[in-house]
Every structure is written in C-alpha cells, then in structure tokens.
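What follows is a set of notes on a single structure, which appears directly below.
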Amino acid sequence: MNTTPELPIVDASAYFAARMRGQDAHAEALTLGREIKEACHSVGMFYLVGYDIDQTLVDAVMHQTAKFFASSQSDKEAISIKNSPHFRGYGMLKNYRDWREQIHIGVESSQSDLKDIKDSPYWQLWGKNQWPVSADATEFKSCVLAYFEAVDCLARSLLTLLAQALDKPGDYFTERMKDRPYLLMKAMSYLPQERAISDYSPQMGVTAHCDWSWLTFLIQDDVGGLEAQDIQGNWRKVNPLKNSIVVNTGELLEIETGGYLRASPHRVINERIDRQRFSVPVFINPALDAKILPSFDCNVSSGAALVTSDAHVHKVIMPGATLYSFAFGDSEFVRKVKGQWCYSYECVSAL
9 MNTTPELPIV DASAYFAARM RGQDAHAEAL TLGREIKEAC HSVGMFYLVG YDIDQTLVDA
69 VMHQTAKFFA SSQSDKEAIS IKNSPHFRGY GMLKNYRDWR EQIHIGVESS QSDLKDIKDS
129 PYWQLWGKNQ WPVSADATEF KSCVLAYFEA VDCLARSLLT LLAQALDKPG DYFTERMKDR
189 PYLLMKAMSY LPQERAISDY SPQMGVTAHC DWSWLTFLIQ DDVGGLEAQD IQGNWRKVNP
249 LKNSIVVNTG ELLEIETGGY LRASPHRVIN ERIDRQRFSV PVFINPALDA KILPSFDCNV
309 SSGAALVTSD AHVHKVIMPG ATLYSFAFGD SEFVRKVKGQ WCYSYECVSA L
C-alpha cells in the first residue's frame, strides 16, 4: 500500500492478475485484504487502483453522466424522483447545504420479484428505475447496468477479502447481499459557484456526512472538490487520481466492527465558477431484508473525528449509541420514506 498526502493507494492488480491466470492467489488475497482493512481502519477512505473493471466502461459512465446533465431541463424533469414510489429518478438541491443535480438509480428490479418474500413496508423501495427519455438515452441505460454488474462483482471480492482480514468467514458480508443487493448509484452534477469564493464563503455541493453503506465506490472527473475529514477533524482534499476508484467506509461497517473500521466523514465543494463537477458513487449494501449485526467490542464513535457542535457531520446513528441487530430495509425506510437522514432531528438536508 502506497501513501499520498491525501489518501492511501491500494493496488489490487497483483490479486486480480493471479486470478486471471487461474492461480490460487492466496498470498495476494491476504495482502490485499490486510491493506483494505488498514486503510478502512486508519483513514476510512482510499484510492483503489488495479481493479478488474474495464476502464473504458468507467469512462463511458462518466461520459453518459455528463451527457445526461447537458440534456434539457424538461427531459430531466420528466423522470423526477417525485414521481417514483421507489425514490429513483432526477432531483435538484439548491440550498446552503446542498448545491447539485443528481439522478438516483438502483439495481433494475420490479415488485414482481418479491412474490415469495414476506411483505414489509421497506419493500416499497424495491422497484423499477426511471431512465432518461431523450432519443439517444438507451446508451445511458445499457452503460449503467453494465457498470452496476461490474461494481457488484468487485464489491463482493473486496468484502470477501475484508471479512477474512477481520477473521470472519469469507461470506460474512456477501451472504447478506443474497441475489438482490440494494445497490444504489447517484450520478451527480455539482453546480459551479455563483461567484468567486474569494468573495464569500463557498457554497457546499454536499454538506459533511458519512455514507449509510458498507462501502461506497466513487468515480469522478478531474475538477476536484471532494474533501475527507481526518481523525483530528481537519479537512483534506481528495484530489482526482487517474484510473482510480475512491472507496470509503460507510456507517454500516463502522457499526459492524464496533468502530474499528472508520466511517469517513466527507463533503464536496466545487470551487470552480466555470465548470460543473461530475461524480458517480455506488453505495454497496446488503439486501433490504438482511440483518445488520452491530459489534459490542468497542464504542461506535471510537473511529469518528473529534469535531465541535458547530462542525456537525450528518450520521444516521448517534456516535456512542448502543445498537442491536436490525433489518437494513427498516433503516432505509426511515431515511427515505420518513425523511430522517440524520440522528439529529434539526438536520433537514436530504443526502
């Protein structure tokens, strides 16, 4: 594992090359698992390079994202998230905490998939996407679905290695993804500043928060603006690194390891006045009906940054809270359907 001033760099190329050659890859798996665990423990975010996703597919996703946000406002509004009972589609946030456009996309599914599953309110979240409606939008859909499949495979590989590095069975996480993981993608356009930030405090693209996921895989353009908070509470720029995926630890892993793996607080400030910033995070989650298994080995807040009350970081679970197992879908229902995104009821921002 190499280190830059911003983040650790975890190189997975030796592991995937050994697998491609049909080798056992045991030694490479141990090394990669340890490096992922260390990065998630010490920082909570890292650059992943040498992954087994075709770079042309990654580039195509970024191209299709830019193309979508360049389409007419009427085309974007035609798939408004307000029209979807599954909380999928286009939305715009323009307030002092959030300054961006985005389209929410999930694993392509339908309610008919659930005929053999016990009914629970959270299955409302399972359903079809709203896809762009312009004449050439079919390429967007095919590209995104191919990327979803590739990220699902990559995530399962990394979670298996991470589980083993934590002295858990290899399928400790992936067994709970089942054949219907609740993967979510946000294709995002962070709007330019309205005037030079030297003249005023910058407009947040997204306010400081931790992700409600096991892991998040992020690809981004070359504009920059992502910042991560270190353990001392300092904000550090996460500069774009060519041919890398930024991986960060979410609250679910922090909860399930008792704080040993650190949920990384992060935010986005697009400092440019002349360009949007495009990024595409994919949130890696279990199935909606899978249980989250909190660890009682140590305090959940142990990996959190030391911040003051005026530097609030959005988190679903209050630092230091004692938790018992719960269905992941129940937590998503509270967040999306009931609109409670943060443990603090004073928070109004919808991430």
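Under our numbering, the residue at position 12 of the sequence shown is numbered 20, and the numbers go up by one with no gaps.
For each residue, glycine too, the CB sits at the ideal point set by N, CA and C.
Pick out whichever of the options has its Cα sitting closest to the Cα of residue i.
i      : options                        : result
Glu144 : Gln228, Ala78, Pro200          : The amino acid occupying residue 144 in the given sequence is Asp; Glu does not appear at that position. The residue with the shortest Cα to Cα distance from Asp144 is Ala78.
Asp338 : Ile281, Trp349, Ile17, Tyr268  : Trp349
Glu264 : Ile239, Pro16, Leu170          : Leu170
Met100 : Pro93, Val345, Ile87           : Ile87
Ala335 : Tyr351, Ile253, Pro302         : Pro302
Ser221 : Phe181, Pro16, Ile61           : Phe181
Gln211 : Thr146, Gly232, Trp107, Met185 : Trp107
Asp83  : Leu191, Met70, Ser142          : Ser142
Leu65  : Ala154, Tyr130, Gly97, Ile239  : Ala154
Ala271 : Leu261, Arg280, Ile61          : Leu261
Arg280 : Ile239, Val214, Glu202         : Glu202
Gln81  : Phe225, Thr39, Tyr98, Leu331   : Tyr98
Gln63  : Lys250, Leu331, Tyr130         : Lys250
Ala47  : Pro16, Arg343, Val342, Arg244  : Pro16
Leu38  : Gly213, Thr330, Ile300, Ala173 : Ala173
Gln228 : Gln31, Tyr332, Asp67, Asn91    : Asp67
Arg244 : Ala329, Ser92, Val51, Ile300   : Val51
Val3   : Ser209, Gly30, Tyr130, Glu147  : Outside the shown range of the chain (9 to 359) lies residue 3, about which nothing can therefore be said.
Asn242 : Val321, Leu331, Ser117, Ile61  : Val321
Asp187 : Leu331, Ile300, Ser117         : Ser117
Asn137 : Ser92, Lys344, Ser333          : Ser92
Met156 : Ile61, Ser333, Gly213          : In the sequence as presented, Met is not what sits at residue 156; that position holds Phe. When each option's Cα is compared against that of Phe156, the closest is Ile61.
Are the CB atoms of residue j and residue i within a distance shorter than 8 Å?
i      : j      : result
Pro140 : Asp160 : no
Glu340 : Leu133 : yes
Met53  : Val290 : no
Ser197 : Glu85  : no
Leu223 : Ala163 : yes
Arg184 : Ala298 : yes
His94  : Gly41  : no
His49  : Leu269 : yes
Leu226 : Ile44  : no
Val115 : Ala195 : no
Gln237 : Ala216 : yes
Val69  : Val152 : yes
If you follow the beta strand (DSSP E) that residue i is part of, which residue opens it and which one closes it?
i      : result
Met193 : 192-198
Val2   : With the chain represented from 9 up to 359, any question about residue 2 goes unanswered, as that position is not in the structure.
Val69  : From DSSP, Val69 is part of no beta strand (DSSP E) but of the alpha helix (DSSP H) over 63-77.
Glu235 : 234-237
Arg4   : This structure leaves residue 4 out entirely; the chain is present only between 9 and 359.
Val214 : 214-217
Trp243 : 243-245
Phe54  : 53-57
So residue i is in the alpha helix (DSSP H); what residue range does that whole segment cover?
i      : result
Glu109 : Note, Glu109: premise wrong, no alpha helix (DSSP H); beta strand (DSSP E) at 107-114.
Leu169 : 146-173
Tyr23  : 21-28
Glu85  : 81-85
His274 : Per DSSP, His274 belongs to no alpha helix (DSSP H); it is in the beta strand (DSSP E), 274-276.
His34  : 34-50
Ile263 : 259-264
Phe336 : 336-344
Which residues in the same chain have their Cβ closer than 7 Å to the Cβ of residue i, if we skip the five residues on either side of it in sequence?
i      : result
Ala33  : Tyr23, Ala26, Arg27
Glu36  : Ala22, Tyr23, Ala26
Asp230 : Pro248
Lys149 : Trp139
Asp282 : Pro200
Ile89  : Phe95, Arg96, Gly97, Tyr98, Gly99, His112
Tyr351 : Lys323, Val324, Ile325, Met326
Gly30  : none
Skipping 5 residues on each side, what residues in its chain have a beta carbon closer than 8 Å to that of residue i?
i      : result
Lys176 : none
Ala358 : Reliability of the predicted coordinates at Ala358 is poor, the pLDDT of 45 falling under 50, and the value obtained from them is presented with this limitation in mind. Leu101, Asp106, Gly347, Trp349, listed in sequence order.
Whose C-beta lies closer than 6 Å to the C-beta of residue i among residues of the same chain, with five residues either side of it excluded?
i      : result
Leu234 : Val246, Val276
Arg285 : Tyr198, Val231, Gly233, Asn278
Cys218 : Glu259, Ala271, Pro273, Lys323
Thr11  : With a pLDDT of 45 at Thr11, under the threshold of 50, the modelled position of that residue is not reliable, and no figure is offered here.
Quick one: does the C-beta of residue i sit closer than 7 Å to a heavy atom of the ligand HEM?
i      : result
Gly178 : The ligand content of the structure shown is nil, which means the ligand HEM is not present either.
Is the stretch 69-76 in contact with the stretch 290-300, if contact means three or more CB pairs nearer than 8 Å? no
Evaluate contact between the stretch 53-68 and the stretch 235-254, counting only Cβ atoms and requiring at least three cross-stretch pairs below 8 Å. yes
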